[in-house]
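Q: Counting in the working numbering, the sequence shown runs from 1229 upward without gaps. All C-beta atoms in this analysis are idealised placements derived from N, C-alpha and C, irrespective of residue type, glycine included. In this text, all values refer to a predicted model and were calculated from it rather than measured experimentally.
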Amino acid sequence: MTTISKTITKDDIIVSGARSTGVIHIGNYFGAIRNFAKMIDDFENPSFFFIADWHALTTHQDAALLKDSVRKTLATYLGCGLDPNKSTIYLQSDVPAISELYLYLNMFAHLGELERTATFKEKIAANPNNINAGLLTYPVLMAADVLIHKGTKVPVGKDQAQHIEMIRTFSNRLNRVYKKEIFKEALAYSYSDDFVTVPSLNGSGKMSKSDDPNSAILLLDSDKDIEKKIKRAKTDTGPTEKNSPLTQEVKNLFDLMALFSNEEQITYFKNSYLDCSIRYGDLKNQLALDAIQFIRPLREQIEEYINKPNLLVEIAKSGAEKANNSANNTIEELRDTLGLTRKFLNKISN
Ligand code: AMP
């Protein structure tokens, strides 16, 4: 059962991130990054937003590409409004305590539950020649990301909901074994009753970084590219009977319209679908126009940050310092609980 929380209380700690693989698409934006920025503005709780560069290594093993993606992901966070003065923004690999917690949490993650994870099954189908242990233990690293700051609210998209349940399984197990409430339960956070899922342009499934590049609209796409991609989006041959239900391909286009277009436009095209007068070319033109209007200012802000590498380094450095302070507190407490206190004498004496 997926548990979504729609509330933030004063004790909540907010943690989330996105993998630095390729460039951020509108699915990442509407499913996650837009909410990160909004949460920073709406709540005064401690918040930690990271760039998951270790997670990226499970499928992206090209050093130059990874560096480029990390830089662009950080610029994207900032360009989309994440304020580094109100939140801690950092690179996962700058916080060594996360890898230590990952090691401990692996002792509380059972093989069966890892193998049953939906994203693991998807990833092994997509990468049959590289089924590495990193893919299998991805939810454990994600648990370490959240628990290292004792995170309790995790804004994510639907595809990550199962991972948040697994975080609770691991942390509850650890608490139970050591008879101490070291970690509170982490919950997936969403502003609405359900998770937002942005569909792919290829007619089925969600928009994804690993799909055909034409099926995802990237925040850094030019106006022309956005238009081209939307015009190529899959449709059907058109309704032949009045009041027909929407086919999946056409529903996807309406779902995209709901993100960018106004009610009046959406109603107009819905009615023309119902009375069979719809022309998909017109719908796509409108959608492209509205999407471009929405994405262009974001792209320009992201590009501004990409062109300020010194500022990016400064922000990453100060974020790493704050993240390490928080992470080291958790890891010290945990080492003590596990019997691994750093002080040698304490370790062997009682
Ligand atoms: P990832 O790129 O897998 O690290 O995802 C970063 C965030 O974007 C996660 O919270 C995902 O749930 C979210 N996300 C990715 N794709 C989509 C999509 N098509 N629709 C909504 N959210 C998404």
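#1: Residues around the ligand HEM, please: the ones whose beta-carbon is closer than 5 Å to some heavy atom of it, in chain order.
#2: Quick one: what does DSSP say threonine 1316 is sitting in, helix, strand or coil?
#3: Consult DSSP for valine 1382 and reduce its assignment to one of helix, strand or coil.
#4: For lysine 1300 and lysine 1437, I'd like the C-alpha separation in whole angstroms.
#5: With a CB to CB cut of under 8 Å and the five nearest residues on each side skipped, what residues in its chain are close to serine 1233?
#6: Taking glutamate 1343 as the reference, give the member of Leu1364, Ile1326, Ser1327, Ala1353 with the closest Cα.
#7: Quick check on histidine 1391: does DSSP put it in helix, strand or coil?
#8: In the DSSP assignment, the alpha helix (DSSP H) including glycine 1340 goes from what residue to what residue?
#9: Is leucine 1447 buried or exposed, if buried means 16 or more other CB atoms sit within 10 Å of its CB?
#10: Looking at threonine 1558: is its Cβ nearer than 9 Å to the Cβ of leucine 1402?
#11: Tell me the rounded alpha-carbon separation between glutamine 1521 and leucine 1310.
#12: Which same chain residues, not among the five before or five after isoleucine 1254, have their C-beta less than 6 Å away from its C-beta?
#13: Do valine 1298 and isoleucine 1376 come within 9 Å of each other at the CB atom, strictly closer than that value?
#14: Taking 8 Å as the cut-off, does the region 1502–1518 touch the region 1485–1494 (at least 3 CB pairs, one atom from each stretch)?
#15: Mark leucine 1333 as exposed unless 16 or more other C-beta atoms lie within 10 angstroms of its C-beta, in which case mark it buried.
#16: What three-state label does DSSP hand glycine 1630 in the structure shown?
A: The short version:
#1: You won't find the ligand HEM in this model; what it holds is the ligand AMP.
#2: Numbered from its first residue, the sequence shown carries residue 1316 at position 88. Three-state result, threonine 1316: strand.
#3: As a first step, residue 1382 is located in the sequence shown; it is residue number 154 there, counting from the start. Valine 1382: strand per DSSP, three-state reduction.
#4: As a position in the sequence shown, residue 1300 is number 72, starting the count at 1. As a position in the sequence shown, residue 1437 is number 209, starting the count at 1. Taking the straight line from one Cα to the other gives about 14 Å.
#5: For the purposes of this step, residue 1233 is identified with residue 5 of the sequence shown, where counting begins at 1. Excluding residues within five positions, the ones whose Cβ falls inside 8 Å are Lys1381, Leu1415, Ala1416, Tyr1417, Ser1418.
#6: The residue you call residue 1343 lines up with position 115 of the sequence shown. Among Leu1364, Ile1326, Ser1327, Ala1353, the Cα nearest to that of glutamate 1343 belongs to Leu1364.
#7: What you label residue 1391 is simply residue 163 of the sequence shown in a count that begins at 1. Reduced to three states, the DSSP call for histidine 1391 is helix.
#8: To locate residue 1340, count along the sequence shown from 1; it is residue 112. Looking at the DSSP string, the run of the alpha helix (DSSP H) that includes glycine 1340 is 1339–1343.
#9: Within the sequence shown, residue 1447 is the residue found at index 219, counting from 1. Label assigned to leucine 1447: buried.
#10: Residue 1558 sits at position 330 when you count from the first residue of the sequence shown. Residue 1402 sits at position 174 when you count from the first residue of the sequence shown. Cβ atoms of threonine 1558 and leucine 1402: not closer than 9 Å.
#11: Position 293 of the sequence shown, counted from the first residue, corresponds to residue 1521. Position 82 of the sequence shown, counted from the first residue, corresponds to residue 1310. Straight-line Cα distance between these residues: approximately 21 Å.
#12: In the sequence shown, the residue the question calls residue 1254 occupies position 26. Cβ within range, chain order: Val1426, Ile1445.
#13: Translated into positions along the sequence shown, residue 1376 becomes position 148. Translated into positions along the sequence shown, residue 1298 becomes position 70. The criterion of a C-beta distance shorter than 9 Å is not satisfied by isoleucine 1376 and valine 1298.
#14: yes
#15: The count along the sequence shown starts at 1 and reaches residue 1333 at position 105. By the 10 Å Cβ count, leucine 1333 comes out buried.
#16: This structure does not reach residue 1630, given that the chain is present from 1229 up to 1578, and the question cannot be answered.
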